[in-house]
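Okay, so here's the structure we're looking at.
Protein chains in written order, with the working numbering: chain A, 27 to 343; chain B, 5 to 326.
The structure is reproduced here in structure tokens:
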């Protein structure tokens with residue numbers, strides 16, 4: 027990407043070409059953003075507005091979707107609602123205007139919390155193990171290194187459902203089904219293969235001379251690893267961590283098969299949000315919005331670091 | 005996160021030092037490189053053995069039995085190759101494989117064409133191209149399950165935005181077609197969402213390919229008065245080809261495994277029009293509880309992906325060496 031400045035080179039496209047290319051790319055980008063914009067707009071619509079025809083772009087925003095996402099409600103008679111004390115907040119007021127009373131909090135935040143714990147826990151483990159293994163493969167002559175590396179990579183080729191059958195049986199045996207620990211271990215195993223490959227690329231680029239100089243100064247190999255290599259590899263470790271985090275955050279197949287209650291993550295939960303008479307789309311959209319925002323922020327802030335992870339480290343500059 | 009490597013390394017180093025006979029005992033500080041290499045690699049290999057390889061071997065074993073996970077106490081009998089015979093002779097499974105192949109073909113074709121075109125346009129380096137590249141990347145970062153679930157809303161026949169936009173541009177009444185409910189349109193509904201989500205991925209790899217072509221080649225072509233068309237087909241495409249092939253490989257493997265998006269959009273329906281291999285597998289393993297038989301199917305799938313990927317990588321290496 028660090029191309030030399032070619033301002034007067036023959037290979038520089040003409041301004042017209044640039045303008046046309048820019049217009050097409052921007053049009054494509056805007057069209058692909060429509061579904062995401064629609065998720066956000068739906069999250070602040072009232073249920074009738076969300077299913078009106080033609081689809082409404084101008085409407086009165088409401089917090090009803092978010093309220094419905096965070097609470098469970100029961101239907102009551104108007105007389106009963108009249109007899110209640112004044113509403114305790116905006117959500118209470120909205121619920122009452124629809125002849126409902128808030129019965130308690132929904133499962134959304136617990137599921138969201140599970141997603142956080144499992145995603146961060148597995149990322150931490152995968153990156154820790156991956157860094158050690160990558161250093162081992164990068165610096166030492168490991169017998170059968172190529173075979174081991176290929177073996178590590180090939181574990182990613184299995185369809186998740188194929189792996190899920192024996193994992194399901196194994197977890198049932200060891201009491202790991204529907205536990206956060208089980209999901210953390212599973213996601214770590216899936217992510218560690220990616221982590222080793224990415225990190226090996228990063229560590230390969232740190233000159234061996236740095237550690238050798240440190241060891242001549244009296245450091246042991248472990249100290250040199252800790253004090254010289256790790257600080258140099260920080261960018262690579264961060265990039266790998268983001269990537270593991272996104273995978274674990276978004277994963278659905280294992281989550282839906284191996285968790286059902288206490289350890290369920292948000293992706294299998296969000297599609298199950300229903301209201302009276304079918305899917306409560308504003309609430310689903312609200313849940314989706316909250317779930318997507320962290321990743322959107324990550325993508326925009328950490329774009330450069332992400333690029334390498336996306337291409338699986340296979341595309342080197 | 006910076007604490008773990010040291011503690012894990014030191015703890016295991018400690019254990020190793022203690023386990024070493026006193027005569028050749030070395031202090032942890034003086035661990036040989038060989039010992040450190042194994043210390044660093046073993047935890048990863050152990051985890052992969054426990055959570056990837058052991059279950060795989062177990063699945064191989066189960067595939068030769070009549071075990072059913074919902075009847076753990078029933079007697080397990082070996083049935084030899086009968087599960088494999090049944091899977092390979094099952095017409096439904098072959099239909100699922102064809103459906104999968106159909107998806108893989110169309111998604112890869114669309115994503116490669118659009119992705120390469122986008123990469124080519126972005127590489128014209130117009131003003132603001134870095135910003136718009138980031139915007140284009142966003143869909144692929146999101147959860148296919150959560151976003152796929154919302155696409156179900158966009159595809160609603162009367163109220164959905166997708167149908168409205170189509171009817172706006174073509175005049176077809178928006179309630180006259182059901183993207184998810186009709187046999188002919190449902191596969192395309194999934195192909196559209198997959199293309200929306202994963203074209204950026206192909207675009208990125210193609211972009212890396214285009215940027216790896218040195219300017220001097222184009223300059224030399226310019227000196228030789230090669231036309232832009234000629235330059236595109238004789239320089240750009242051949243030199244970016246290994247990257248395009250790599251993108252096709254990654255997308256191919258991923259889409260062969262495609263599960264979440266199909267599960268949430270159509271669940272395999274209507275009928276079994278969009279039932280890809282992963283959905284069939286899920287149905288057999290977790291709804292019919294034919295654990296032995298579905299294990300055999302899983303092994304066949306794995307061998308197929310692995311074999312095809314290996315053949316493909318060989319071809320890729322040949323292209324690279326040219």
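Just so you know, even glycine gets a beta-carbon here, dropped at the ideal spot from N, CA and C.
TODO: For the region 62 to 87 of chain A, enumerate the residues whose C-beta is nearer than 9 Å to any C-beta of chain B, in chain order.
DONE: 62, 64, 65, 68, 76, 77, 78, 79, 80 and 81
Open item on the list: Please report the distance separating the alpha-carbon of residue 45 of chain A from that of residue 145 of chain B.
Closed with: Locating residue 45 of chain A in the first chain gives position 19, counting from the first residue. Locating residue 145 of chain B in the second chain gives position 141, counting from the first residue. Whole-angstrom Cα-Cα distance: 28 Å.
Task: chain B contacts from the region 273 to 294 of chain A (Cβ-Cβ distance under 9 Å) - done: 275, 276, 277, 278, 279, 281, 282, 283, 292, 293 and 294
- [ ] Quick one: give me the first and last residue of the beta strand (DSSP E) that residue 128 of chain A is part of.
- [x] Reading the first chain from its first residue, position 102 is the one you call residue 128 of chain A. That run of the beta strand (DSSP E) goes 126 to 131.
TODO: In angstroms with no decimal places, state the Cα-to-Cα distance between residue 298 of chain B and residue 206 of chain B.
DONE: Counting from one through the second chain, the residue named residue 298 of chain B turns up at place 294. Counting from one through the second chain, the residue named residue 206 of chain B turns up at place 202. Looking at the two C-alpha atoms, the distance is approximately 32 Å.
Open item on the list: Tell me which residue opens and which closes the beta strand (DSSP E) that residue 215 of chain B is part of.
Closed with: As a first step, residue 215 of chain B is located in the second chain; it is residue number 211 there, counting from the start. Premise fails: residue 215 of chain B lies in the alpha helix (DSSP H), 190 to 215, not in any beta strand (DSSP E).
- [ ] Check whether the Cβ atoms of residue 69 of chain A and residue 311 of chain A lie closer than 8 Å to each other.
- [x] The count along the first chain starts at 1 and reaches residue 69 of chain A at position 43. The count along the first chain starts at 1 and reaches residue 311 of chain A at position 285. In this structure, residue 311 of chain A lies closer than 8 Å to residue 69 of chain A by Cβ.
Task: With 16 other Cβ atoms within 10 Å as the buried cut-off, status of residue 99 of chain A - done: Counting from 1 along the first chain, the entry for residue 99 of chain A is found at position 73. Residue 99 of chain A is buried by the Cβ-count criterion.
Open item on the list: Mapping the DSSP letters down to three states, classify residue 300 of chain A as helix, strand or coil.
Closed with: Within the first chain, numbered from 1, the residue matching residue 300 of chain A stands at position 274. Strand at residue 300 of chain A.
- [ ] Let me know the secondary structure DSSP gives residue 128 of chain B once reduced to three states.
- [x] As a first step, residue 128 of chain B must be located in the second chain, where it is residue number 124. It is coil, neither helix nor strand.
- [ ] For residue 98 of chain A, write down the residues that DSSP places opposite it in a beta bridge.
- [x] Locating residue 98 of chain A in the first chain gives position 72, where the first residue counts as 1. Paired residue(s): A/130.
Open item on the list: In whole angstroms, give me the CA-to-CA distance for residue 109 of chain B and residue 258 of chain A.
Closed with: Here residue 109 of chain B is taken as the residue at index 105 of the second chain, counted from 1. Here residue 258 of chain A is taken as the residue at index 232 of the first chain, counted from 1. The alpha-carbon atoms of residue 109 of chain B and residue 258 of chain A are separated by roughly 42 Å.
- [ ] Classify residue 137 of chain B as helix, strand or coil using the three-state DSSP reduction.
- [x] Your numbering for residue 137 of chain B matches position 133 in the second chain. Helix.
Task: Nearest-angstrom Cα separation, counted from residue 42 of chain A out to residue 235 of chain B - done: What you label residue 235 of chain B is simply residue 231 of the second chain in a count that begins at 1. What you label residue 42 of chain A is simply residue 16 of the first chain in a count that begins at 1. If I take the Cα positions, the gap works out to 19 Å.
Task: Interface partners of residue 47 of chain A on chain B, CB under 7 Å - done: Here the question's residue 47 of chain A lines up with position 21 in the first chain. Under the 7 Å cutoff, chain B gives 125, 128 and 130.
Open item on the list: Quick check on residue 218 of chain A: buried or exposed, where buried means 16 or more other Cβ atoms within 10 Å of its Cβ?
Closed with: Translated into positions along the first chain, residue 218 of chain A becomes position 192. With 16 or more other Cβ atoms within 10 Å, it is buried.
TODO: Give the single residue among B/252, B/132 and B/264 whose Cα lies nearest to the Cα of residue 50 of chain A.
DONE: Locating residue 50 of chain A in the first chain gives position 24, where the first residue counts as 1. It is B/132 whose Cα lies nearest to the Cα of residue 50 of chain A.
TODO: Could you check the C-alpha separation between residue 80 of chain A and residue 179 of chain A for me, to the nearest Å?
DONE: Position 54 of the first chain, counted from the start, is the residue given in the question as residue 80 of chain A. Position 153 of the first chain, counted from the start, is the residue given in the question as residue 179 of chain A. Each residue's alpha carbon lies about 49 Å from the other.
Task: Three-state secondary structure (DSSP) of residue 31 of chain B - done: Indexing the second chain from 1 puts residue 31 of chain B at position 27. The predicted position of residue 31 of chain B is uncertain, since its pLDDT is 45 and thus under 50; a value taken from the coordinates is nonetheless stated next. Coil at residue 31 of chain B, not helix or strand.
TODO: Using a Cβ-Cβ cut-off of less than 7 Å, give me the residues of the region 288 to 316 of chain B that come near chain A, in sequence order.
DONE: 289, 290, 295, 298, 299, 302, 305, 306, 309, 310 and 313
Task: residue 307 of chain B classed as buried or exposed, judged by whether at least 16 other C-beta atoms fall within 10 angstroms - done: Numbered from 1 along the second chain, position 303 holds the residue referred to as residue 307 of chain B. Exposed, by the Cβ-count rule.
TODO: Determine whether the Cβ of residue 323 of chain B lies closer than 8 Å to any Cβ atom of chain A.
DONE: In the second chain, the residue the question calls residue 323 of chain B occupies position 319. Not closer than 8 Å to any Cβ of chain A, the Cβ of residue 323 of chain B fails to qualify, so no.
TODO: Below 8 Å on the Cβ atoms is my guess for residue 212 of chain A versus residue 55 of chain B; work out the distance and round it to an integer in Å.
DONE: Within the first chain, numbered from 1, the residue matching residue 212 of chain A stands at position 186. Within the second chain, numbered from 1, the residue matching residue 55 of chain B stands at position 51. Correct: roughly 6 Å between the Cβ atoms.
TODO: Could you name the residues of chain A that residue 165 of chain B contacts, counting a contact when the two beta carbons are closer than 7 Å?
DONE: Here residue 165 of chain B corresponds to residue number 161 of the second chain, with the count starting at 1. Those are 64 and 81, listed as they occur along chain A.
Open item on the list: Here's the rule I'm using: 16 or more other beta-carbon atoms within 10 Å means buried, otherwise exposed. How should residue 106 of chain A be labelled?
Closed with: Reading the first chain from its first residue, position 80 is the one you call residue 106 of chain A. Looking at its Cβ environment, which holds fewer than 16 other Cβ atoms inside 10 Å, residue 106 of chain A is exposed.
- [ ] Put residue 69 of chain B into one of helix, strand or coil per three-state DSSP.
- [x] Mapped onto the second chain, residue 69 of chain B falls at position 65. Residue state, collapsed to three classes: strand.
Open item on the list: Using the three-state DSSP reduction, which class does residue 160 of chain B fall into: helix, strand or coil?
Closed with: Taking the first residue of the second chain as 1, we reach residue 160 of chain B at position 156. Residue 160 of chain B: coil per DSSP, three-state reduction.
TODO: Give the DSSP-derived three-state secondary structure of residue 249 of chain A in the structure shown.
DONE: Looking up residue 249 of chain A in the first chain gives position 223. In the structure shown, residue 249 of chain A sits in a helix (DSSP, three-state: H, G or I).
- [ ] Identify, in the order they occur along the chain, each residue of the same chain with its Cβ nearer than 6 Å to the Cβ of residue 28 of chain B, setting aside the five sequence neighbours on each side.
- [x] Taking the second chain and counting its residues from 1, the one referred to as residue 28 of chain B is at position 24. At residue 28 of chain B the pLDDT is 41, less than 50, meaning the model places this residue with poor confidence; the figure from the coordinates comes in the next sentence. So the list is empty, once near-sequence residues are dropped.
- [ ] Take the Cβ of residue 220 of chain B as the centre, count every other Cβ of all protein chains shown within 10 Å, and call the residue buried at 16 or more, exposed below.
- [x] On the second chain, position 216 is the one that residue 220 of chain B refers to. Answer is exposed; the Cβ neighbour count stays below 16.
Task: alpha helix (DSSP H) segment containing residue 286 of chain B, residue limits - done: The count along the second chain starts at 1 and reaches residue 286 of chain B at position 282. Residues 281 to 290.
TODO: Report all residues from its chain with a CB closer than 7 Å to the CB of residue 152 of chain B; omit the five preceding and five following residues, and keep chain order.
DONE: The residue given as residue 152 of chain B occupies position 148 in the second chain. Within the same chain, residue 152 of chain B has close Cβ partners 197, 264, 265, 268 and 269.
Open item on the list: I'd like to know if residue 77 of chain B contacts chain A, where contact means its C-beta is closer than 8 Å to some C-beta of that chain.
Closed with: Counted from its first residue, the second chain places residue 77 of chain B at position 73. Chain A contact via Cβ: absent.
Open item on the list: If I measure Cβ to Cβ from residue 275 of chain B and keep anything under 8 Å in the same chain, skipping five residues before and after, which residues do I get?
Closed with: Walking along the second chain from the start, residue 275 of chain B turns up at place 271. For residue 275 of chain B, where only same-chain residues beyond five positions count, the Cβ hits under 8 Å are 187.
Open item on the list: So, does the region 43 to 52 of chain B touch the region 282 to 301 of chain B, judging by three or more C-beta pairs under 8 Å?
Closed with: no
TODO: Note down, in chain order, every chain A residue with its Cβ under 7 Å from the Cβ of residue 145 of chain B.
DONE: The count along the second chain starts at 1 and reaches residue 145 of chain B at position 141. Residues of chain A passing the Cβ test: 272, 321 and 325.
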